[in-house]
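Residue numbers (UniProt numbering): 1 to 229.
As structure tokens, the structure follows; a few thoughts come after it.
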Amino acid sequence: MSISQRLQDIKKRMEKICLSCGRNPDSAALVAVSKTKGEPLIREAFEAGQILFGENYVQEATAKAENLAALPISWHFIGHLQRNKARFVVRYFDLIHSVDSLRLAEEIHKQSEKISKIQNILIQVHLGGEESKAGIHPKDLQELLRNMTRLKHVCVQGLMAIPPPVENAEENRIHFKALRELMEENNAANILPAPMTILSMGMSDDFEVAMEEGATLIRIGTAIFGSRS
């Protein structure tokens with residue numbers, strides 16, 4: 001299958017899930033994970049109608065963003081972000097999915113202020129008990145959000161999580177449900193100027209379950225571009 005056919009197939013599956021849940025199909029969007037993929041493949045996906053692209057590695061991502069600047073691509077940073085790389089990311093990325101500490105948020109605020117930008121971010125939440133995964137513990141989220149209200153060049157749009165790898169996608173339903181409930185709980189506390197609306201969760205093997213639990217952004221690489229090269 002071509003990239004165009006794969007994208008069409010995924011979007012049909014997304015639409016089917018939305019309709020089965022009583023959701024507007026426009027309430028969920030696809031982020032094509034293009035890490036390690038060359039610019040010709042990104043162009044091919046863009047020409048097939050894909051606008052949102054997710055990158056994990058700062059140096060690789062900024063080079064792509066510069067080389068493809070003529071295309072109206074919306075770049076999302078989905079990898080681990082070190083504070084000393086924040087200045088590069090705020091220049092090119094519309095949404096950072098992986099903010100997991102106040103210190104990182106403060107650095108993003110500082111670098112965004114320098115270029116008069118309000119940077120949209122998601123808070124990465126640690127779910128599933130894997131110690132190697134990044135993310136803030138759910139019990140610490142409310143305090144983090146309170147501290148972030150003073151950062152005027154950062155706008156918290158929602159939450160992101162990477163559940164543990166499982167053989168059966170249904171096993172991750174509990175984690176997707178937990179992230180949705182966590183967002184609802186913190187929205188009810190009215191901490192932020194505006195409620196969070198984005199849930200970034202679900203990948204190639206489990207996005208349908210994630211969407212049933214409320215995902216608004218799903219991150220898919222392999223099912224679009226094939227195995228990592």
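No residue lacks a Cβ here, since even glycine has one placed at the ideal position from N, Cα and C.
**Message:** Using beta carbons (cut-off 7 Å, strictly below), is I121 in contact with chain B?
**Reply:** Among the chains in the structure shown there is no chain B, since it carries only a single protein chain.
**Message:** One question on the structure: do L199 and L144 come within less than 7 Å of each other, judged by their Cβ atoms?
**Reply:** With contacts defined by Cβ atoms closer than 7 Å, L199 and L144 do not form a contacting pair.
**Message:** Can you find the residues in the same chain that come closer than 8 Å, C-beta to C-beta, to E60, ignoring five residues on each side of it along the sequence?
**Reply:** Same-chain partners within the cutoff: K35, T36.
**Item:** Distance between D140 and E192 (C-alpha atoms, nearest Å)
**Value:** Sequence check: residue 192 is Leu here, not Glu. Going by the C-alpha atoms only, they are around 15 Å apart.
**Message:** Ignoring anything shorter than 4 residues, give me the alpha helix (DSSP H) runs that lie fully in the segment 14–84, in order along the chain.
**Reply:** Complete alpha helix (DSSP H) runs here, min 4: 39–47, 58–67.
**Item:** When L217, S98, A48 are compared against Q82, the one with the closest alpha-carbon
**Value:** When each option's Cα is compared against that of Q82, the closest is S98.
**Asked** Is I162 helix, strand or coil when you go by DSSP?
**Response** Reduced to three states, the DSSP call for I162 is coil.
**Where the alpha helix (DSSP H) through S112 begins and ends** = Start and end: 102–114.
**Prompt:** Smallest Cα separation from E66: which of K85, V156, H80, F93?
**Reply:** The candidate whose alpha carbon is nearest that of E66 is F93.
**Closest residue to K85 among S74, T62, I73, V125 (Cα-Cα distance)** = Out of S74, T62, I73, V125, the CA that lies nearest to the CA of K85 is found in T62.
**Asked** Using the beta-carbon count (16 or more within 10 Å), is R146 buried or exposed?
**Response** With fewer than 16 other beta carbons inside 10 angstroms of its own, R146 counts as exposed.
**Message:** Our contact map puts V89 next to I115 with C-beta atoms below 8 Å; I'd like the distance itself, whole angstroms only.
**Reply:** About 12 Å separates the two Cβ atoms, so there is no contact after all.
**Asked** Are M196 and G158 close, meaning C-beta to C-beta below 7 Å?
**Response** In contact: M196 and G158 (Cβ atoms closer than 7 Å).
**Request:** Would you mind giving the Cβ-Cβ distance between E220 and V33, rounded to the nearest angstrom? I have them listed as a contact below 8 Å.
**Result:** At residue 220 the sequence reads Ile, which differs from the Glu that was named. In this structure I220 touches V33 by the C-beta definition: roughly 6 Å separates them, less than 8 Å.
**Request:** Please determine, among L7, S4, L19, H126, the residue with the shortest C-alpha to C-alpha distance to T211.
**Result:** Looking at the sequence provided, one finds Met at residue 211 rather than Thr. Restricting attention to L7, S4, L19, H126, the CA atom closest to the CA of M211 is found in L19.
**Prompt:** By Cβ distance, which residues of its chain are closer than 7 Å to V58, with the 5 residues on each side in sequence left out?
**Reply:** Only K85, F88, V89 meet the Cβ criterion.
**Prompt:** If you compare alpha carbons, which of L68, N186, S74, N168 is closest to A54?
**Reply:** The residue asked about is misnamed: residue 54 is Gly in this sequence, not Ala. Check the Cα spacing between G54 and each of L68, N186, S74, N168: the tightest is with S74.
**Prompt:** Which residue's Cα is closest to the Cα of H80: I3, P72, L68, I96?
**Reply:** A check of alpha carbon separations from H80 across I3, P72, L68, I96 identifies I96 as the nearest.
**Request:** Please classify D100: is it buried, with 16 or more other beta-carbons within 10 angstroms of its beta-carbon, or exposed?
**Result:** By the 10 Å Cβ count, D100 comes out buried.
**Prompt:** Pick from F46, Q142, N24: whose alpha carbon is nearest that of I123?
**Reply:** Minimum Cα distance to I123 is reached at Q142.
**Asked** What are the boundary residues of the alpha helix (DSSP H) that includes V209?
**Response** Counted as a single uninterrupted DSSP element, the alpha helix (DSSP H) harbouring V209 occupies residues 207–212.
**Message:** Give me, in chain order, the residues of the same chain whose beta-carbon lies closer than 7 Å to that of E213; leave out the 5 immediate sequence neighbours on both sides.
**Reply:** Here the set comprises R173, F176, K177, R180.
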